[in-house]
Amino acid sequence: MKETPHEIKIHNNLKAGVISIDGFLGDDSRHYHEIIVEDRNELLKLNTTTEELADRMNYFTEISFEHYEGSVLIDDHYEVEYRSYRGKILCPFFHPGLFRKGEIFLYNKKNDIRICWTPLNIHMIREHCFLEGKGSKHRLEPKELYRSLFE
Amino acid sequence: MIVVIVNTVLIVSGISGLLALLLVIADMLFANYGECKININGKKELNLKGGSSLLTLLNESGIYLASACGGRGSCGFCKCKITQGGGPLLPTEKPFLNKTEINNQIRLSCQVKVKEDISIEIPEDIFNIRKFKARVTDIKDLTYDIKELTLQLIKPDSIDFKPGQYIQLEAPPYEKSKQPVSRAYSISNAPFEKDFIQLIIRLVPDGLCTTYVFEYLQVNDIVNVTGPFGDFYIRDTQADMLFIAGGSGKAPIKSMLEYLVKNKSRRKMVYMFGAQTKKDLYYTALLEKYEKELLDFTYVPVLSKPTQECEWEGKCGYIPPYFPEYIKDPKNTEAYLCGSPGMIAAVIKGLKENGVPEDKIYYDSFA
Chain F
95 MKETPHEIKI HNNLKAGVIS IDGFLGDDSR HYHEIIVEDR NELLKLNTTT EELADRMNYF
155 TEISFEHYEG SVLIDDHYEV EYRSYRGKIL CPFFHPGLFR KGEIFLYNKK NDIRICWTPL
215 NIHMIREHCF LEGKGSKHRL EPKELYRSLF E
Chain D
165 MIVVIVNTVL IVSGISGLLA LLLVIADMLF ANYGECKINI NGKKELNLKG GSSLLTLLNE
225 SGIYLASACG GRGSCGFCKC KITQGGGPLL PTEKPFLNKT EINNQIRLSC QVKVKEDISI
285 EIPEDIFNIR KFKARVTDIK DLTYDIKELT LQLIKPDSID FKPGQYIQLE APPYEKSKQP
345 VSRAYSISNA PFEKDFIQLI IRLVPDGLCT TYVFEYLQVN DIVNVTGPFG DFYIRDTQAD
405 MLFIAGGSGK APIKSMLEYL VKNKSRRKMV YMFGAQTKKD LYYTALLEKY EKELLDFTYV
465 PVLSKPTQEC EWEGKCGYIP PYFPEYIKDP KNTEAYLCGS PGMIAAVIKG LKENGVPEDK
525 IYYDSFA
C-alpha cells in the first residue's frame, strides 16, 4: 500500500520502540488502515460506534481514577482498577496533547470477561477507530470489548 | 464504484503528500534566511543562522525550554512570549494556547521558525538550566520496581537547584528504542550536594526511558541530563508542613526533608506516604532518623492493601481520612504533594474539605 509522508510517519510511530517499547501493532501483518477498516466493520455488526465505546470506557476510567489505590465496584458488577504510571504519552496519529500513562483493568463479574485499556486507547478509539493490532499488549477485540462494557 | 473512490482518494493523497514533501525538501535545500538575531528579555542577543525552529536554536545556544515531545508540537510545554518577529500564529500552535495566551503573544517555540530577527521573553530561571554530562556511580534497588540512581556530574561539574525541582534524563537509542528519549525525574538529594544528583525511578510498563534504566543502564555509564526545571519547592514561611507522596513521589520530598534537616528547621512537619503493601515501602529507616533529627516531624506510612504477610500494625486505607488527626491548624498549613494524578486529585479534595487553603497546596503530579 502506498503511503503519504504523513502516513509513513504515523506508521513509524505505531512500531515498537518509537513511542512505546512494544508499539501498537503487535504481530499483526495488516496495514493500520486495514486494521481500522476491519474493526470498524466489526463495530457496525455489533451495532455500536466508536463514540459509544469511548464514552463508556471514559465513564469507568473517571470513576476508577478517583479510587487511586485499589479497585472499585461500579454499577453492581463492574470491578474496575486504575493503575497510574509516571509520565504521559503522545498520540501516534499526531493529535495534539499528551495522554496519561496508566492502565484500567475491568472485570465484568456477570459474564466473567476481563479487559484492560489505557487512556490513550480511549482517544485512539474515539478519534481513529484504532483498537491496535492483534498481539499488541493493549489490543481490544471489538466483540469482547463491547460485551465487557455493556453486558 | 468503491474501488474507484478509494483509488481516487489514494491518488489525490499521494499527489498532495508528494507536493508537501517537495516543498519541505526545497525549503531545506534552497531557503537561506541568513543570520538572524534573537533578542532575549531585552538583555541578551544571539546571532544565529536562521531557518530552524526557535526551540532548536535556543537549545543549540545552551538555553533550554522544557519539552516533552522533542519539538514535535505535541506537548505544548515549550511556550514563550514573542514580542517581535516569529510570523503569524500557526494552526499547529492553536490547540495549545488559550485566548489570554494568544493575546499575550505566547507561542510554541518548537513551531516558530526563525526567518527574521526576533525578540522573546522567557523567565530568568531558564538561564540556570543547563545540559550536564554525568557518570552513573550507583544503582540501588529500593523496592521490586523502584531504583535509586546516583549520577556524578562531569561537565558542568556542579548544579544549583531548589529542593523539589526535577531534571530530564536522556536515554540514548538502544535495542528497544529507536531514538533518544528524555523523561522528567525529581532530584532526591539535597541542593547543598552540588556535584551529584540522585533520582528515584519507578519502572513504567512499556516505558522507553525506565526500561533503559532498569534493563540496560550500568554503573560507569555516561548519561546526559538537563535541568533544573519546575516550581515545586518549599515556600520560605513558618507554616506547618504536610508532605504527601506515593510510589516514586518520595524523591522531591526527600530532597526537601534533607534540606530542612540541614537547616535545622523548627517547623511542624508530617509526612504521609501511601503504598499498597509493606513491600512498597522504602527509606523507612532514613525517615525514622529524620524523626529524631527534626524538632517536630512525624512519618506516617499508610497501606491501602496490607496482606497478612505484611504483619502491618500501622495505618490502613486511604490517606485523606487521617487528615483530621494530623492537620492541627489547617489555615496555617502548607501541603506538598507528589504522586499519581489520581492520588493528587483525591488528596487535594480531602485537604480542601479539611480547611487547607487551595493556594497553600503545592503539587507535582506525575506528568
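Chains as they are written, first to last, in my numbering: chain F, 95 to 245; chain D, 165 to 531.
Positions of the beta carbon are idealized from the N, C-alpha and C atoms, including for glycine.
Interface partners of residue i on chain D, CB under 9 Å
i, result
"Glu160 (chain F)", "Gly506, Ala509, Ala510, Lys513"
"Leu184 (chain F)", "Ala232, Cys233, Arg236, Ser238, Cys239"
"Lys231 (chain F)", "Pro369, Asp370"
"Leu195 (chain F)", "It should be noted that the sequence gives Lys, not Leu, for residue 195 (chain F). Simply Val368, Pro369, Asp370, Gly371, Phe530."
Neighbouring residues, chain D, relative to residue i (Cβ below 7 Å)
i, result
"Tyr307 (chain F)", "With chain F represented from 95 up to 245, any question about residue 307 (chain F) goes unanswered, as that position is not in the structure."
Proximal chain D residues relative to residue i, where beta-carbon distance stays under 8 Å
i, result
"Asp116 (chain F)", "Asp370"
Own chain partners of residue i with C-beta closer than 7 Å, once the 5 adjacent residues on each side are dropped
i, result
"Arg241 (chain F)", "Asn205, Ile207"
"Phe118 (chain F)", "Leu108, Pro186, Glu226, Gly227, Ser230"
"Lys340 (chain D)", "Thr375"
"Leu140 (chain F)", "Pro236, Lys237, Tyr240"
"Tyr338 (chain D)", "Tyr376, Tyr380"
"Leu219 (chain D)", "Leu229, Ser231, Gly235, Cys242, Ser273, Cys274"
"Asp305 (chain D)", "Lys311"
"Arg399 (chain D)", "Glu498"
"Leu254 (chain D)", "Gln275"
Under 8 Å by beta carbon: chain F residues contacting residue i
i, result
"Lys340 (chain D)", "Ala110, Gly111, Ile115"
"Pro259 (chain D)", "Pro190, Gly191"
Within-8 Å CB hit, residue i to chain D
i, result
"Tyr179 (chain F)", "yes"
"Leu192 (chain F)", "yes"
"Phe188 (chain F)", "yes"
"Lys228 (chain F)", "no"
"Gly120 (chain F)", "no"
"Lys203 (chain F)", "no"
Same chain, Cβ closer than 6 Å to residue i, neighbours up to 5 away in sequence not counted
i, result
"Glu334 (chain D)", "Pro344, Ser346, Asn388"
"Ala148 (chain F)", "Ile216, Ile219, Arg220"
"Gly249 (chain D)", "Glu280, Asp281, Ile282"
"Glu243 (chain F)", "It is worth fixing the name first, because residue 243 (chain F) is Leu in this sequence and not Glu. Within the same chain, Leu243 (chain F) has close Cβ partners Arg150."
Within-8 Å CB hit, residue i to chain F
i, result
"Lys311 (chain D)", "no"
"Arg347 (chain D)", "yes"
Proximal chain F residues relative to residue i, where beta-carbon distance stays under 7 Å
i, result
"Thr375 (chain D)", "Ile115"
"Ser412 (chain D)", "Arg180"
Contacts that residue i makes with chain F (C-beta to C-beta distance below 9 Å)
i, result
"Arg147 (chain D)", "Because chain D is modelled from 165 through 531, residue 147 (chain D) falls outside the range shown and cannot be assessed."
Spatial neighbours of residue i in its chain, beta-carbon cut-off 8 Å, leaving aside the 5 residues before and after
i, result
"Phe356 (chain D)", "Tyr423, Lys426"
"Lys414 (chain D)", "Ser352, Ile364, Phe437, Tyr446, Tyr447, Cys502"
"Phe188 (chain F)", "His100, Lys103, Ile104, Asn107"
Min CB distance residue i to chain B below 8 Å
i, result
"Arg208 (chain F)", "In the displayed structure, chain B is absent; the protein chains listed are F and D."
Identify every run of the alpha helix (DSSP H) within the segment 422-473 of chain D, keeping only runs that are complete inside it and at least 4 residues long; order them along the chain. You should have 448-457.
Which parts of the segment 353-394 of chain D are runs of the alpha helix (DSSP H), unbroken and 4 residues or longer, counting only runs that do not cross its ends? Within the segment 353-394 of chain D, the complete alpha helix (DSSP H) runs of at least 4 residues are 372-379.
Report yes or no: do the segment 485-493 of chain D and the segment 441-453 of chain D share at least 3 C-beta pairs separated by less than 8 Å? Pairwise C-beta distances place the segment 485-493 of chain D out of contact with the segment 441-453 of chain D, as fewer than three of them are shorter than 8 Å.
Write down every uninterrupted run of the beta strand (DSSP E) in the segment 286-341 of chain D whose length is 3 residues or greater and which is fully enclosed by it, in chain order. Counting only runs that start and end inside the segment 286-341 of chain D, the beta strand (DSSP E) elements of at least 3 residues fall at 294-305, 310-319, 330-335.
Should the segment 256-276 of chain D be called in touch with the segment 419-427 of chain D, which here means at least 3 C-beta pairs below 8 Å? Verdict: no, contact absent.
Would you say the segment 460-479 of chain D touches the segment 430-440 of chain D, given that touching needs at least three Cβ pairs under 8 Å? Enough Cβ pairs lie closer than 8 Å, so yes.
Determine, using beta-carbon pairs with one atom in the segment 226-234 of chain D and one in the segment 307-314 of chain D, whether at least three such pairs fall under 8 Å. Pairwise C-beta distances place the segment 226-234 of chain D out of contact with the segment 307-314 of chain D, as fewer than three of them are shorter than 8 Å.
Uninterrupted alpha helix (DSSP H) stretches inside the segment 179-238 of chain F (no shorter than 4 residues): The segment 179-238 of chain F contains these whole alpha helix (DSSP H) runs: 213-222.
Is it the case that the segment 262-272 of chain D contacts the segment 299-308 of chain D, given that we only count it when at least three CB pairs across the two stretches are under 8 Å? As far as the Cβ criterion goes, the segment 299-308 of chain D does not touch the segment 262-272 of chain D, which means the pair count is below three.
Every unbroken beta strand (DSSP E) within the segment 218-286 of chain D, with a cutoff of 3 residues, ordered by chain: If we require 3 residues or more, the beta strand (DSSP E) runs fully inside the segment 218-286 of chain D come out as 243-248, 270-272, 282-285.
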